[in-house]
Amino acid sequence: MSGHPHNSAFYRFKIGRFDCLSVSDGSYDYDPMHLLTDMPGERVEQILRDHNLRTDKLISPYTFLFVDTGDHKILVDMGAGKLGPNTGKLVSSLKAAGIRPEDIDTIFITHAHPDHIGGTLDDEGNPNYSNARYFMWKNEWDFWFSDEASGKITEHLSQLLPTEVFMKIARGQLGPVKDRIELITEESEILQGIHVHFTPGHTPGHMVVSFSSEGEELFNVGDAILFPFLIERPDLRPIVDIVPDMADVSKRRLCDLLAEKKTWVLAQHFHPFPSLGHIVKKGKAWQWQPVQL
Ligand SMILES: [Zn+2]
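Residue numbers for the sequence shown follow my numbering, beginning at 18 and rising by one.
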């Protein structure tokens with residue numbers, strides 16, 4: 018793999034023969050107290066201080082992956098759209114890198130949280146990526162269009178945004194492109210060198226996508242791994258994981274796999290941009306090693 022000097026909108030690198038870009042959709046500030054609600058505030062603050070993080074907010078880049086395999090132009094997730102004051106930049110960042118949204122033919126949807134699918138449609142309600150077909154895990158689609166979804170969202174995520182916002186974005190953004198979405202039910206090689214991995218827990222049908230070419234491999238982990246301090250402290254269970262036991266199993270399995278295979282990792286919310294690096298085993302936990310720019 019080789020990298021090039023970067024700006025704040027995109028970062029170019031290669032995985033084997035695949036031309037890859039880390040692309041910025043912007044960033045978002047989370048209140049760390051909204052993540053770990055099952056412990057007193059002072060303990061959360063102490064954990065953050067232990068990891069050299071600020072205690073008033075978790076600053077999350079919103080970083081997404083574009084891959085040109087030569088045969089296909091692929092995007093994983095579509096960014097947050099107008100979710101926050103500093104989000105919704107994915108299309109302009111892609112254009113800055115010389116990618117035309119209409120040239121993207123394949124989009125993988127890791128899960129249907131607003132920060133990952135809020136940018137499906139433009140302001141007029143038309144698909145931002147007008148010629149793409151989409152892949153999404155069937156359980157994920159079924160969950161968001163089920164009657165149980167809003168209760169689960171209220172239980173796990175309503176401290177972040179009102180439940181109706183989650184529901185409206187998932188159904189409102191994905192509903193109109195329903196006919197272009199292929200629902201996946203098993204782990205498989207979707208395109209040459211490109212595999213989908215079932216990693217449920219953060220949401221019921223969360224998936225991870227891997228890209229391999231000429232002996233190099235990159236995993237786009239979505240929110241199966243949310244923030245670096247949560248792999249250093251894998252015992253912590255963020256309330257935002259809808260099925261916490263499954264999220265715990267998925268996270269540990271995935272971290273072990275990534276560390277063992279020494280693959281490149283692109284994690285949507287890992288600081289700093291381009292959110293690219295390696296995960297290494299450290300004792301019974303893991304550690305994030307960002308790429309040296
Ligand atoms: Zn996310």
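The C-beta atom is built at its ideal place from N, Cα and C for all residues, glycine as well. Everything numeric in this text was worked out from a predicted model, so none of it was measured.
Mind checking whether the beta-carbon of Asp132 lies closer than 7 Å to any heavy atom of ligand 1?
yes
Say yes only if the C-beta of Gln285 is nearer than 7 Å to one or more non-hydrogen atoms of ligand 1, and no if none qualify.
yes
Are the region 153-165 and the region 66-84 in contact at 8 Å, needing three or more beta carbon pairs?
no
Is Asp240 a contact residue of ligand 1, with contact defined as CB to any heavy atom under 7 Å?
yes
Taking 8 Å as the threshold (C-beta atoms), are Leu271 and Val225 in contact?
Leu271 sits close to Val225, with the two beta carbons spaced by under 8 Å.
Fully enclosed by the region 176-223, which beta strand (DSSP E) runs are 3 residues long or longer?
198-201, 205-208 and 211-215
Straight-line Cα distance separating Phe125 from Gly136:
About 13 Å.
Just the C-alpha distance for Lys299 and Arg250, rounded to the nearest angstrom, thanks.
11 Å
DSSP has Leu253 in a bridge; who is on the other side?
Answer by DSSP bridge pairing: none, since Leu253 is not bridged.
Gln63 in three-state terms, based on DSSP
helix
Backbone CA spacing between Met56 and Asn69 [nearest angstrom]:
Rounded to whole angstroms, Met56 and Asn69 show a C-alpha spacing of 19 Å.
For Lys301, does the count of other Cβ atoms within 10 angstroms reach 16, so buried, or fall short, so exposed?
exposed
Indicate whether Ser41 and Phe27 have their beta-carbon atoms separated by less than 8 Å.
yes
Classify Asp36 as helix, strand or coil using the three-state DSSP reduction.
Assigned with DSSP and collapsed to three states, Asp36 falls in strand.
I'd like to check one pair, Gln285 with Asp240: are the Cβ atoms closer than 8 Å?
Result yes, Cβ atoms of Asp240 and Gln285 sit closer than 8 Å.
Once DSSP output is grouped into helix, strand and coil, what is the label at Lys106?
coil
Express the C-alpha separation of His295 and Phe236 in angstroms, rounding to a whole number.
10 Å
Just checking Asp196 against ligand 2 - is the residue's beta carbon closer than 7 Å to any of the ligand's heavy atoms?
Because ligand 2 does not appear in the structure shown, any question about it cannot be addressed here, the ligands present being ligand 1.
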